[in-house]
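Just below is one structure, and these are the notes that go with it.
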Amino acid sequence: MTSSSLERPAQQADREREQDRLDLLHQQVGVLREHIARELRIVLRESTGTAQGQVERGATAERLTRRLAALDAAENGLCFGRLDRMTGDRLYIGRIGVPGAEPDDDPLLIDWRAPAARPFYTATAAAPQGVRLRRHLHTRNRRVLRVDDELFADVSTVPDDIQLSGEAALLAALRQSKTGRMQDAVATLQAEQDRIVRSPHAGVMVVQGSPGTGKTVVALHRAAYLLYTHQRLERSGVLVVGPNSVFLDYIGQVLPGLGETSVLLSSVGGLYPGVLARAEDHPGAAEIKGRLVMADVLETAVRARQAAVTGPVDVAIGGELIRLTRRFLADAAARATEGGVQHNLARPAFREAVFDELAGRLARVIGDIEAGFEEVLADQVDVEALERAVGKDLASVFGEDVSVYDIRAQEPIEFAERKADWLDKLPHDPVARKLMDSLWPVLTPEGLLTELFTDPDRLAEAAPQLTEAERALLLREPTAPWTLSDVSLLDEAAELLGFDDRAETERAAARRAAQRDYAQGVLDIARASHGEDGTAGAGAQLNAADLVTAEQLAEWHGAADLRTVAERAAADRSWVFGHVIADEAQDVSPMTWRLLVRRCPTRSFTIVGDAAQSSDAAGSTSWQQALEPFFGTRWRREDLTVNYRTPAEIVSASRPVLEAIAADLAPARAVRDGAAPPRCERTTTQEFPARLAAVAAEAARGGEGGRVAVIVPSATLERLATAVAAEIPGTSWGADADLEQGVVVLNVRQVKGLEFDSVVVADPQGILDGSARGLSDLYVALTRAGQSLHVLHPGPLPDVLRHLAQEAT
């Protein structure tokens with residue numbers, strides 16, 4: 001139970017005692033921070049040791065840096081709760097764990113992820129879990145502002161120094177205006193959310209929840225929880241995938257605020273290093289590119305570049321014409337790719353087979369020519385007389401008796417020698433190199449897709465299973481930007497092609513050799529300065545040249561990689577994560593699921609979404625349909641049933657849209673009511689932009705510092721955003737919309753996963769008509785508001801919203 005009133009003397013004294021505790025915690029955190037910073041400075045100053053020592057030094061520096069980040073992140077809101085247990089124990093709960101001043105002391109603060117803290121989220125009056133009183137501490141800038149107490153025992157058992165006061169922490173948080181950035185919820189996680197956050201790490205868990213149930217909050221706090229409880233994940237990291245860059249900006253402060261640096265946040269468009277895709281395909285093209293059949297299309301396109309000739313190939317080289325048969329080339333290609341060797345990695349084996357065949361054929365041809373020439377010469381010349389004449393000439397030069405010199409005793413150049421000579425020449429021969437580039441070119445993912453989608457003939461050859469109309473949707477201009485749907489195809493192509501890094505490996509070896517040579521020069525100078533013969537006399541001091549080798553010196557001065565796990569993973573396409581969290585996963589295409597499974601082959605996933613909000617043409621409205629191709633039946637589902645964001649009045653207004661999507665769907669239960677009913681207003685097409693700007697301005701004025709979103713059809717985004725911005729300076733819109741501005745204009749894809757104080761839904765019929773799954777898009781738009789909803793339509797309302805017009809009258 002809770003109560004609230006003006007602060008009385010006893011309450012003030014209680015709050016001041018909590019202030020003393022908070023001061024003690026911050027003091028101890030300062031001691032920890034200084035101790036860790038000192039350790040880090042010592043580690044970073046070290047410049048000696050073996051190569052293994054350098055790796056360990058880098059790992060230690062990264063660990064200490066993470067710990068400092070966690071301490072800094074905990075600065076605001078360090079302690080937010082207290083548990084008084086029936087046994088008389090008292091535990092303080094916070095963002096991080098803070099040990100006591102001495103090793104044997106009890107912890108001063110329990111990390112919210114620790115098992116001992118769980119009753120803070122799960123205790124109820126019916127199941128108090130040994131808790132007598134739960135206290136929420138509301139703080140700001142190291143000051144305790146207010147406390148809220150919940151009693152799970154008879155009030156007579158409460159000590160005299162405890163004054164029940166305040167209001168429920170959750171409702172207080174829900175009433176706060178939005179800031180444009182998601183805040184962590186470590187102080188207000190609810191029992192069903194906490195249960196999912198703390199679920200076992202292994203396996204695949206689907207978290208299904210209606211709008212406002214806190215799916216993203218659960219996903220992010222689960223990432224932090226897993227990193228805390230499974231420390232090995234700090235080395236491999238956790239990947240969190242969201243729908244777009246606006247969403248990533250919205251959630252970007254949560255995990256750093258919890259001190260986590262081993263989490264990579266990425267949109268689908270950022271999952272291929274070197275490409276940040278933002279452009280969107282036509283819905284039809286996006287749906288096709290998302291199909292699993294595209295994996296077969298790309299594999300066929302790669303095979304078409306592997307000596308896939310229709311007849312023999314003639315090569316004019318060394319003055320001879322050599323014919324390579326189609327069967328030989330096919331056999332060479334099969335041997336090169338045997339065992340699934342990737343295209344670019346198979347090229348050296350194929351080249352070796354072709355060059356070996358060419359060298360052997362050239363050696364035989366030239367050998368046959370030489371033999372034929374000798375036969376002709378023997379018929380026309382007295383060979384014995386020629387030999388005697390040559391012998392006399394040699395004797396006059398060398399003063400030896402070589403009259404018995406027999407030219408025929410000199411064997412002709414052996415076949416093997418002639419072949420070896422050609423094998424040396426062919427890699428540098430322009431004709432041979434051109435032949436290899438035509439039969440088995442080095443391919444890049446970008447080049448392969450560009451050729452495929454700009455050449456109708458190549459596409460028809462690679463994708464006979466697609467209709468002509470479907471292939472036409474895939475064709476694009478060579479300079480067109482990469483789209484969101486292209487990212488999974490680029491990754492698939494990279495998996496098929498591979499990367500031959502032998503040249504880079506050789507260059508790295510050359511750099512290391514140069515470093516060793518330089519180090520040797522340094523040591524030689526040191527020896528020379530120490531004594532002419534490089535040795536020290538009796539009693540002389542040892543110098544560096546006496547203690548280390550050139551290789552050791554070079555290794556010691558190698559740069560350690562001090563990037564965070566997230567930074568290293570972002571740059572490495574082949575990075576394997578320990579866990580993947582996919583948010584708004586109902587919009588993930590089958591080809592993107594293939595990509596994500598490659599990123600986490602252990603299949604440790606948390607999949608978060610709402611089937612009713614699937615608006616992407618390549619997405620799915622069925623978890624079973626989406627997941628079975630990749631996980632079979634080895635996944636479990638958890639449901640979030642409580643809507644914390646949306647007032648009951650707005651939930652009720654959106655219900656007919658949800659029922660039209662699927663009759664068996666029901667919204668989550670709203671915990672709040674009392675909001676103003678949604679407003680619905682009709683205007684003319686001509687007046688629509690100006691009226692929309694006026695409605696947005698009215699919502700901004702009445703928002704008391706809250707945030708307003710104007711949600712519009714994608715096709716009219718620029719025109720309508722320009723009109724709103726003309727009326728409301730500072731309005732933000734576009735791919736990089738700033739959510740911290742008072743008013744933003746966004747399309748439905750951009751508002752996925754976001755929440756605002758007030759929402760204006762503009763032209764609902766346009767939203768319906770502009771999407772492959774218009775009802776889902778409309779449902780998303782209607783459920784973003786935490787306080788007020790205004791629907792403005794320049795034409796007739798869609799049937800699913802007719803009830804709003806009736807209620808308005």
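Using our numbering, you'd call the opening residue of the sequence shown number 1 and step up by one each time. Where a beta carbon is used, it is the ideal one built from N, C-alpha and C, also for glycine.
Pick out whichever of Ser758, Glu681, Gly30 and Gln750 has its Cα sitting closest to the Cα of tyrosine 250. Here residue 250 corresponds to residue number 250 of the sequence shown, with the count starting at 1. It is Gln750 whose Cα lies nearest to the Cα of tyrosine 250.
(Q) On the CB-based measure, 16 or more other CB atoms within 10 Å of its CB, does asparagine 747 come out buried or exposed? (A) One-based indexing of the sequence shown puts residue 747 at position 747. By the Cβ neighbour-count rule, asparagine 747 is buried, with 16 or more other Cβ atoms within 10 Å of its own.
Length of the line joining the Cα atoms of arginine 21 and glycine 212:
Taking the first residue of the sequence shown as 1, we reach residue 21 at position 21. Taking the first residue of the sequence shown as 1, we reach residue 212 at position 212. So the alpha carbons of these two residues sit roughly 35 Å apart.
Confirm, please, whether the CB-CB distance from leucine 496 to leucine 298 is below 8 Å. Within the sequence shown, numbered from 1, the residue matching residue 298 stands at position 298. Within the sequence shown, numbered from 1, the residue matching residue 496 stands at position 496. In this structure, leucine 496 lies closer than 8 Å to leucine 298 by Cβ.
ask   = Are leucine 490 and arginine 471 close, meaning C-beta to C-beta below 8 Å?
value = Translated into the one-based positions of the sequence shown, residue 490 becomes position 490. Translated into the one-based positions of the sequence shown, residue 471 becomes position 471. In this structure, leucine 490 sits away from arginine 471, with a CB-CB distance that is not shorter than 8 Å.
Notebook entry, point to check: Among Arg351, Leu362, Ala462 and Met294, which one has its Cα closest to the Cα of proline 441?
Noted result: In the sequence shown, counting from the first residue as 1, residue 441 sits at position 441. Ranked by how close their Cα comes to the Cα of proline 441, the residues Arg351, Leu362, Ala462 and Met294 have Arg351 in first place.
Going by CA-CA distance only, name the one from Val207, Pro601 and Val365 that's closest to phenylalanine 415.
Here residue 415 refers to the residue found at position 415 when the sequence shown is read from its first residue. Here the closest residue by C-alpha is Val365.
**Asked** Of the choices Tyr228, Ala127 and Val217, whose alpha-carbon is the least far from that of arginine 113?
**Response** The count along the sequence shown starts at 1 and reaches residue 113 at position 113. Checked all of Tyr228, Ala127 and Val217; the closest Cα to arginine 113 is Tyr228.
- [ ] For isoleucine 317, write down the residues that DSSP places opposite it in a beta bridge.
- [x] By 1-based counting over the sequence shown, the position of residue 317 is 317. Bridge partners of isoleucine 317: Glu320.
What residue range is occupied by the uninterrupted beta strand (DSSP E) comprising tryptophan 593?
Position 593 of the sequence shown, counted from the start, is the residue given in the question as residue 593. No beta strand (DSSP E) contains tryptophan 593, which is instead part of the alpha helix (DSSP H) from 590-599.
**Asked** Alpha carbon to alpha carbon, how far is serine 448 from isoleucine 288?
**Response** On the sequence shown, position 448 is the one that residue 448 refers to. On the sequence shown, position 288 is the one that residue 288 refers to. The question names serine, but residue 448 is leucine in the sequence shown. One C-alpha to the other measures close to 18 Å.
Query raised in the report: Is any beta-carbon of chain C found at less than 8 Å from that of aspartate 639?
Result: In the structure shown, chain C does not exist; there is a single protein chain.
DSSP-derived helix/strand/coil call for asparagine 747: Counting from one through the sequence shown, the residue named residue 747 turns up at place 747. Under the three-state reduction of DSSP, asparagine 747 is assigned to coil, being neither helix nor strand.
One question on the structure: do alanine 346 and threonine 337 come within less than 8 Å of each other, judged by their Cβ atoms? In the sequence shown, the residue the question calls residue 346 occupies position 346. In the sequence shown, the residue the question calls residue 337 occupies position 337. In this structure, the beta-carbon distance from alanine 346 to threonine 337 falls below 8 Å.
_So leucine 825 and histidine 579 are supposed to be a Cβ contact under 8 Å. How far apart are they, rounded?_
Residue 825 is absent from the model: the chain starts at 1 and stops at 809.
- Item | Classification of glycine 766 by the beta-carbon crowding that lies within 10 angstroms, buried from 16 upward | Translated into positions along the sequence shown, residue 766 becomes position 766. Answer is buried; the Cβ neighbour count reaches 16.
On the CB-based measure, 16 or more other CB atoms within 10 Å of its CB, does histidine 343 come out buried or exposed? Numbered from its first residue, the sequence shown carries residue 343 at position 343. Buried is the call here.
Rounded straight-line distance, which links the Cα of alanine 725 to that of arginine 707: Your numbering for residue 707 matches position 707 in the sequence shown. Your numbering for residue 725 matches position 725 in the sequence shown. Cα to Cα, arginine 707 sits roughly 15 Å from alanine 725.
### Message
Suppose you measure from the CA of isoleucine 196 to the CA of arginine 636; what does that come to, to the nearest Å?
### Response
Locating residue 196 in the sequence shown gives position 196, counting from the first residue. Locating residue 636 in the sequence shown gives position 636, counting from the first residue. Rounded to the nearest angstrom, the gap between the Cα atoms of isoleucine 196 and arginine 636 is 11 Å.
Cβ neighbour criterion (16 or more within 10 Å) applied to aspartate 23:
Residue 23 sits at position 23 when you count from the first residue of the sequence shown. Per the 10 Å Cβ criterion, exposed.
For a quick check, are the C-beta atoms of valine 204 and arginine 634 less than 8 Å apart? Along the sequence shown, one-based indexing puts residue 204 at 204. Along the sequence shown, one-based indexing puts residue 634 at 634. The Cβ-Cβ distance between valine 204 and arginine 634 falls below 8 Å.
**Prompt:** Is glycine 130 helix, strand or coil when you go by DSSP?
**Reply:** Position 130 of the sequence shown, counting from 1, holds the residue named residue 130. In the displayed model, glycine 130 falls within coil according to three-state DSSP, outside both helix and strand.
Classify aspartate 104 as buried or exposed, calling it buried when 16 or more other Cβ atoms lie within 10 Å of its own Cβ. To locate residue 104, count along the sequence shown from 1; it is residue 104. So aspartate 104 counts as exposed.
query = Whose CA, out of Pro243, Leu426 and Leu68, lies closest to the CA of alanine 363?
reply = Residue 363 sits at position 363 when you count from the first residue of the sequence shown. By alpha-carbon distance to alanine 363, the top candidate from Pro243, Leu426 and Leu68 is Leu426.
Which word fits valine 241, buried or exposed, when buried means at least 16 other C-beta atoms lie within 10 angstroms of its C-beta?
Numbered from 1 along the sequence shown, position 241 holds the residue referred to as residue 241. It is buried - the Cβ of valine 241 has at least 16 other Cβ atoms within 10 Å.
*State the Cα-Cα distance for the pair histidine 793 and leucine 109, rounded to the nearest angstrom.*
As a working note, residue 793 is residue 793 in the sequence shown. As a working note, residue 109 is residue 109 in the sequence shown. Each residue's Cα considered, the two are about 54 Å apart.
| task | Assuming leucine 292 contacts proline 590 (C-beta within less than 8 Å), just tell me the rounded distance between them. | result | What you label residue 292 is simply residue 292 of the sequence shown in a count that begins at 1. What you label residue 590 is simply residue 590 of the sequence shown in a count that begins at 1. Right, their Cβ atoms sit about 5 Å apart.
Legend entry - Cutoff 7 Å; reference arginine 603; Cβ partners in own chain excluding five residues on either side: Locating residue 603 in the sequence shown gives position 603, counting from the first residue. These residues qualify, in order along the chain: Val204, Val597 and Phe631.
Would threonine 564 and threonine 216 qualify as a contact pair, given that the criterion is a beta-carbon distance under 8 Å? The sequence position of residue 564 within the sequence shown is 564, counting from 1. The sequence position of residue 216 within the sequence shown is 216, counting from 1. In this structure, threonine 216 does not lie closer than 8 Å to threonine 564 by Cβ.
- Is the beta carbon of isoleucine 288 within less than 7 Å of some heavy atom of the ligand ATP? Here there are no bound small molecules, and the ligand ATP is not part of this structure.
Next item on the list: Along the alpha helix (DSSP H) that carries aspartate 572, what are the first and last residues, could you check?
Entry: For the purposes of this step, residue 572 is identified with residue 572 of the sequence shown, where counting begins at 1. Annotation: aspartate 572 is outside any alpha helix (DSSP H) and is labelled neither H nor E by DSSP.
> To which residues of the same chain is arginine 645 closer than 6 Å at the C-beta, ignoring the five residues directly before and after it?
Replying inline: Your numbering for residue 645 matches position 645 in the sequence shown. These residues qualify, in order along the chain: Gly212, Glu755 and Gly786.
| request: Look up isoleucine 93 in the DSSP assignment and give the residues it is bridged to. | output: In the sequence shown, residue 93 corresponds to position 93, counting from 1. DSSP lists Gly81 and Ile110 as the bridge partner or partners of isoleucine 93.
Between Trp593, Val246, Ser614 and Ala612, which has its C-alpha nearest threonine 606's C-alpha?
Within the sequence shown, residue 606 is the residue found at index 606, counting from 1. Ranking the options by Cα distance to threonine 606, first place goes to Trp593.
* Which residue or residues does DSSP assign as beta-bridge partners of aspartate 296? -> Along the sequence shown, read from residue 1 onward, the residue named residue 296 stands at position 296. The partner list for aspartate 296 (beta bridge, DSSP) is empty, contrary to what the question assumes.
Going by alpha carbons, who is nearest to threonine 450 out of Asp616, Ala663, Gly770 and Ala493?
Translated into the one-based positions of the sequence shown, residue 450 becomes position 450. When the alpha-carbon of threonine 450 is set against those of Asp616, Ala663, Gly770 and Ala493, the nearest one is in Ala493.
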